[in-house]
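Student: Once you've had a glance at the structure underneath, I'll fire off some questions.
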Amino acid sequence: MPETERRAQILDAVERLLGRGGLEAVTMREVAAEAGVSLRLVQYYGRSKDELLTAALERLADKSVRRWHARSEEHARNGRPEDGSALPRVRAFLDEALPTDEASRSFHRVGVSLELLTITRPGAAAEAYRAHLGALADHLAGILRTDPRIGAADAHRLASETMALAHGVGSLLMAGQMTQSAAEALLDGYVDRLAARLST
434 MPETERRAQI LDAVERLLGR GGLEAVTMRE VAAEAGVSLR LVQYYGRSKD ELLTAALERL
494 ADKSVRRWHA RSEEHARNGR PEDGSALPRV RAFLDEALPT DEASRSFHRV GVSLELLTIT
554 RPGAAAEAYR AHLGALADHL AGILRTDPRI GAADAHRLAS ETMALAHGVG SLLMAGQMTQ
614 SAAEALLDGY VDRLAARLST
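Throughout, my numbering is defined as the position within the sequence shown, counted from one, plus 433.
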């Protein structure tokens, strides 16, 4: 098997373990068993649990940015409002961030687990996570700046605001503190209020 495919096989195993059981579920031996490979091979791709988790975080960051970029581009292809508003694409971003099915819930669990890693074990993982958040904020700010009513400074501020809302609502939904319909209504309300702010 090519090395890139073998590495992907091992990181897929890390993500599945994180999705099912969080950080504590990930050990070198469990990764080997989940991937169906030897412990020695796992150690070739990551000398420690933290190295494997950092690699998984970097890959997750890349996948999440590509997913959200694809969703926003899909909305752009479907036509923009006549006033040039970026808000439909902001709503698409929020929709993509909401954990509403098993695939997106697993994705959210993995993301929260890796976020916890950056908080409790500063180092390479923290740097990778900050880079992920920075890339995501830049992408969202770029979408917002296509709106003629939003300047550069406001675009970055609104990007951070939108990301914070998406993260918080996603976690509340995952924790059972909020229903999907309530979460969607809250996001609708946010976009409506944002539209009102921009029209003044």
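No residue lacks a Cβ here, since even glycine has one placed at the ideal position from N, Cα and C.
Using the three-state DSSP reduction, which class does residue 459 fall into: helix, strand or coil?
Tutor: coil
Student: Around the C-beta of residue 472, are 16 or more other C-beta atoms found within 10 angstroms, so that it is buried, or is it exposed?
Tutor: exposed
Student: For residue 489, tell me which candidate among 621, 466 and 550 has the shortest Cα-Cα distance.
Tutor: 550
Student: Which class does residue 531 belong to by DSSP, given the choice of helix, strand or coil?
Tutor: In the structure shown, residue 531 adopts coil according to DSSP, grouped into three states.
Student: Answer with buried or exposed for residue 583, where buried requires no fewer than 16 other C-beta atoms within 10 angstroms of its C-beta.
Tutor: A buried status is given to residue 583, since no fewer than 16 other beta-carbon atoms sit within 10 Å of its beta-carbon.
Student: If contacts are defined as beta-carbon pairs under 8 Å, then residue 543 and residue 452 qualify, I think. What distance do you get, rounded to the angstrom?
Tutor: 5 Å
Student: With C-beta atoms as the reference, is residue 601 less than 8 Å away from residue 531?
Tutor: no
Student: According to the Cβ coordinates, are residue 485 and residue 558 closer than 8 Å?
Tutor: no
Student: Could you name the residues of the same chain whose beta carbon sits closer than 6 Å to that of residue 538, not counting the 5 residues immediately before and after it, in chain order?
Tutor: 532
Student: Taking residue 535 and residue 500 to be in contact with their CB atoms under 8 Å, please state how far apart those CB atoms are, rounded to whole angstroms.
Tutor: 16 Å between Cβ atoms; not a contact.
Student: Please classify residue 434: does DSSP put it in a helix, a strand, or coil?
Tutor: coil
Student: Got a sec, what are the start and stop residues for the alpha helix (DSSP H) residue 604 sits in?
Tutor: 585-607
Student: Hey, out of 459, 480 and 443, whose CA is closest to residue 492's CA?
Tutor: Measuring from the Cα of residue 492, the nearest candidate turns out to be 443.
Student: Starting from residue 621, follow the alpha helix (DSSP H) in both directions and report where the run begins and ends.
Tutor: 613-632
Student: Within this structure, are the beta carbons of residue 526 and residue 579 separated by less than 8 Å?
Tutor: no
Student: For a quick check, are the C-beta atoms of residue 459 and residue 523 less than 8 Å apart?
Tutor: no
Student: Does DSSP put residue 581 in a helix, a strand or coil?
Tutor: coil
Student: Helix, strand or coil: which one does DSSP assign to residue 470?
Tutor: Coil at residue 470, not helix or strand.
Student: Answer yes or no: do residue 588 and residue 599 have a C-beta to C-beta separation smaller than 8 Å?
Tutor: no
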